[in-house]
Amino acid sequence: MKKFALFLICAATLFSLNSCSYNSLVSLDEQVKSQWGQVQNAYKRRSDLIPNLVSTVKGAANFEQKTLTDVIKARSEASSMKIDPTNLTPEKLQEFQAKQGQLSQALGRLMVVSERYPELRATESFKELQSQLEGTENRISVEREKFNAVTQDYNTKVRSFPSNISANMFNFKQKPYFQAEAAAQNAPKVQF
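One point on numbering: in the numbering used here, the residue at position 152 of the sequence shown is 158, and numbering is uninterrupted.
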């Protein structure tokens with residue numbers, strides 16, 4: 007009888023610990039999903055600014071068509087990729103990052119090439135769009151940083167005892183972090 011009572015006490019204790027862990031795991035999982043939405047929102051803002059930037063550049067200069075075509079193509083590819091935050095895998099996140107990286111590179115080339123056209127740099131609308139784009143890039147950086155912070159909180163909870171018992175029982179898996187591309191380690195080369 008004592009063994010049975012001890013078993014019931016242990017089971018009740020374990021169950022109460024797991025129910026608290028389950029609720030906090032759900033809360034942290036929702037925070038990760040919400041923050042991923044903010045990351046996508048910042049990328050969407052950048053994607054929405056690009057057509058205005060391209061139109062301004064086309065109107066202000068006899069511009070290099072290949073650069074504009076590259077920007078338009080990269081924007082199309084980047085904005086067509088959607089990631090479901092409930093199924094966030096390292097592979098999908100890496101593919102998303104690669105598409106966004108291609109867009110960043112194309113925009114960088116556009117900005118460098120625009121330096122060759124003084125009349126373009128002098129246009130007020132171009133200055134405004136360039137400023138908006140710089141602000142958007144900063145927002146993207148901040149949102150990615152916040153995403154990594156909530157992902158760290160979630161992953162810590164998933165791996166910590168006793169919440170790891172609930173995580174395993176209810177299939178909560180670790181989420182991938184947003185990481186810089188390997189090419190980001192090297193400083194960009196700007197040539198005029």
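Where a beta carbon is used, it is the ideal one built from N, C-alpha and C, also for glycine.
Within 10 angstroms of the beta-carbon of Val148 lie fewer than 16 other beta-carbons, which makes it exposed. Residue environment: Gln185 is assigned as exposed (fewer than 16 neighbouring CB atoms within 10 Å of its CB, all protein chains considered). Distances from the alpha-carbon of Glu187 to those of Thr142, Gln108, Met117, Arg145 put Gln108 closest.
Look at Thr73 here: in three-state DSSP terms it is helix. Counting only residues of its own chain and dropping the five nearest sequence neighbours on each side, Leu99 has a CB closer than 6 Å to the CB of Pro182.
Selection Arg165, Arg52, Val38 evaluated against Thr95 yields Val38 as nearest (Cα-Cα).
For Phe178 against Leu31, the beta-carbon gap comes to about 5 Å, under 8 Å, which counts as contact. Excluding residues up to 5 positions away in sequence, Gln180, Lys181 lie with their Cβ nearer than 7 Å to the Cβ of Asn161 in the same chain. As the crow flies, the alpha-carbon of Glu83 is around 39 Å from that of Ser169.
Glu140 is the residue among Ser172, Glu151, Glu140, Asp159 whose C-alpha sits nearest the C-alpha of Ser53. With at least 16 other beta carbons inside 10 angstroms of its own, Lys163 counts as buried.
The Cβ-Cβ distance between Tyr49 and Gln106 falls below 8 Å. Judged by beta-carbon spacing, Thr157 lies beyond the 8 Å limit of Arg51, meaning their Cβ atoms are not closer than that value.
In the assembly as shown, Ala173 is a buried residue. Its beta-carbon has 16 or more other beta-carbons within 10 Å. By the Cβ-count criterion, Leu12 is exposed, with fewer than 16 other Cβ atoms from all chains shown falling within 10 Å of its own Cβ.
When secondary structure is reduced to three states using DSSP, Ser166 falls in the coil class, being assigned neither helix nor strand.
Each residue's CA atom was taken as its position, placing Gly43 and Lys9 some 50 Å apart. Residue burial annotation: Ala80 is buried, with at least 16 other C-beta atoms found within 10 angstroms of its C-beta. Relative to Val118, the option among Val77, Thr92, Arg150 whose CA is nearest is Val77.
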